[in-house]
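Contents: one structure, followed by commentary.
Protein chains: 2
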Amino acid sequence: MTTTRSKHEPQNAPPLARSERTRIAILDATRELLAEGGVATLTVEGVAARAGVAKTTIYRRWRGKDELALAVLVDMVESVTSTPDLGDARRELIRFVGKAVKILNSTLMGRVMQGLVSDLATDPELADAFRARVVTLRIDETRRVVDRGVARGELRPDIDIELAHELLFGPVYYRLLLSGGPLEGRFAEQIVDALMPGLLVGKTTRRRRA
Amino acid sequence: MTTTRSKHEPQNAPPLARSERTRIAILDATRELLAEGGVATLTVEGVAARAGVAKTTIYRRWRGKDELALAVLVDMVESVTSTPDLGDARRELIRFVGKAVKILNSTLMGRVMQGLVSDLATDPELADAFRARVVTLRIDETRRVVDRGVARGELRPDIDIELAHELLFGPVYYRLLLSGGPLEGRFAEQIVDALMPGLLVGKTTRRRRA
DNA sequence: GCCATTCGCTACGCTCCGTAGCGTTGCGGC
DNA sequence: GCCGCAACGCTACGGAGCGTAGCGAATGGC
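Going down the list, the protein sequences come from chains A and B. Residues in the first sequence are numbered from 7 upward in steps of one, following the working numbering. Residues in the second sequence are numbered from 7 upward in steps of one, following the working numbering.
Right, here's the structure in full:
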């Protein structure tokens, strides 16, 4: 989230180096084109044209359109702020998942994701980068929220964090990518409420860990 | 699952028409190529070459590689048998989800899915076809299993079927497409057991419906 | 055996990929 | 203010695939 310079920054900031300017121009152009047609219609030549940049310049920095799209994605994901302590595990989880739902729906991150998925299966390096920069962030945040809930005595202490993370976000991406349902409103709440009974302390101890 | 003729069929079956033979050759070639490199590396020209068929012949039947891949996918999905009555909702759900996990993992359907996702976002007709032929099947089957559980008095009668379907299969596809974890073993069981406490009758009636 | 359908084949024009070579510009150090 | 290097622009490739057109040949229903 640092490509386009904020207008509220001090105006006396040092002028950007040429290298940095082209970088911004390329990422901005990529962002625009992604918003218009997704990764499917994204072409390196198109980006070069819109950015007013030579195609070779792009290939000097990124290996291809996949890395380019990932760069934009990461740029957006890393702006995610951590979930505040709301004093209630359920509310925190809803806030957490709801934020992802909203971002996927209101920004072009959803569209970028749609176009990127197939490439993740093809390009191992891309997949590694995605998991290290996106999935890991989500898991870590899940851990923080759950740990707070455990500390409060709300949630079971034996929760499998990675599994919980998949249960929380799996439905979100399923709807985005496959079922095509509306990504909005109470969806995050519905997901969390479906999982809560199994997360709370007490109750019968079936053989579950999520 | 009707492209390749079974060897156990009566040998006196009428010889296939030329039109049908080419159809089979094309779909078989597509299947093989999908197994080798996924949809990403699938090309109409490659299919034509392997099938011993002219490229134009393929374009006369399908609009492009996407429709071709979908045809193969549908061919596999429609062979899915319904979940038998096991007398226990939890076991039935595990069997149901587990079957999807196994198919995605052991056949090339997982790979086809990976390559097809991005195209679903781009091509509305393809998405419609996929939802009508795949998602709908899953929802219907979910309804059957849940209804049996409700009839037995195990499950709550106010379960949102479509939501339940997303909660069950979302994590599966999330792992396949995004997180990259192993698609096997107890995963189906973990998913179902995480959701079961919210599906069973009795308990406190929070504001949940899944 | 007739004749419409279906298929094979060749040949396009097009877009995009990814790379190479070389001239040009900007930018920091001195 | 000058100089040298790094970064960039530009042109030109060869290649893969796409999707279409035109036409002749094989097929199979009637």
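The C-beta atom is built at its ideal place from N, Cα and C for all residues, glycine as well.
Against chain A, does residue i count as a neighbour if the rule is that its beta carbon must be under 9 Å from one of theirs?
i	result
B:ARG137	yes
B:SER124	yes
B:GLU84	no
B:PRO188	no
B:ASP146	no
B:THR128	yes
B:LEU183	yes
B:ALA31	no
B:PHE102	no
B:ILE197	yes
B:LEU92	no
B:LEU173	yes
B:VAL152	no
B:GLY121	yes
B:VAL141	yes
B:ARG117	yes
B:ARG212	For B:ARG212, the pLDDT reaches just 49, beneath the cut-off of 50, and the residue's location in the model is therefore unreliable, although a value from the coordinates is still provided. Chain A, which has a Cβ nearer than 9 Å to the Cβ of B:ARG212, makes this yes.
B:GLU26	no
Do residue j and residue i have their beta-carbon atoms positioned less than 9 Å apart in this structure?
i	j	result
A:ARG117	A:ALA31	no
A:LEU290	A:VAL198	Outside the displayed range of chain A (7 to 216) lies residue 290 of chain A, so it cannot be described from this structure.
A:ILE165	A:VAL156	yes
B:LEU56	B:ALA95	Note that residue 56 of chain B is Arg in the sequence shown here, rather than Leu. In this structure, B:ALA95 does not lie closer than 9 Å to B:ARG56 by Cβ.
B:TYR180	A:GLY176	yes
B:LEU33	B:VAL86	no
A:VAL123	B:SER124	yes
A:VAL50	A:LYS61	yes
A:VAL80	A:ARG154	no
A:THR63	A:THR28	yes
A:ILE100	A:GLU195	yes
Across which residues does DSSP place residue i in a beta bridge pair?
i	result
A:LEU206	A:LEU161
My guess is that residue i and residue j are in contact by the Cβ rule of under 8 Å, so how many angstroms apart are they, rounded?
i	j	result
B:ALA133	A:GLY121	That pair is no contact at about 14 Å.
B:MET83	B:LEU143	It should be pointed out that residue 83 of chain B corresponds to Val in this sequence rather than to Met. Indeed they touch by this definition, with Cβ atoms about 7 Å apart.
A:MET202	B:GLY204	7 Å
B:VAL207	B:ARG162	5 Å
A:VAL141	B:SER185	5 Å
B:THR47	B:ALA75	Between B:ALA75 and B:THR47 the Cβ distance is about 12 Å, and since that is not below 8 Å, they are no contact.
A:MET119	A:LEU22	So it is not a contact: roughly 29 Å between Cβ atoms.
Consider the Cβ of residue i: report whether some Cβ of chain B lies at a distance smaller than 9 Å.
i	result
A:GLU42	no
A:TYR65	no
A:THR89	no
A:THR49	no
A:MET202	yes
A:VAL178	yes
A:ARG158	no
A:VAL45	yes
A:LEU132	no
A:GLU168	yes
A:VAL53	no
Hey, is residue i close to the ligand GTP, as in C-beta under 8 Å from one of its heavy atoms?
i	result
A:VAL107	The ligand GTP is absent from the structure shown, which contains no ligands of any kind.
Please confirm if the stretch 145 to 154 of chain A is in contact with the stretch 62 to 75 of chain A, defined as three or more CB-CB distances below 8 Å between the two stretches. Cβ pair count under 8 Å is below three, so no.
Decide yes or no for the touch test of the stretch 187 to 201 of chain A against the stretch 99 to 113 of chain A: beta carbon pairs closer than 8 Å, at least 3 of them. A contact exists between the stretch 187 to 201 of chain A and the stretch 99 to 113 of chain A.
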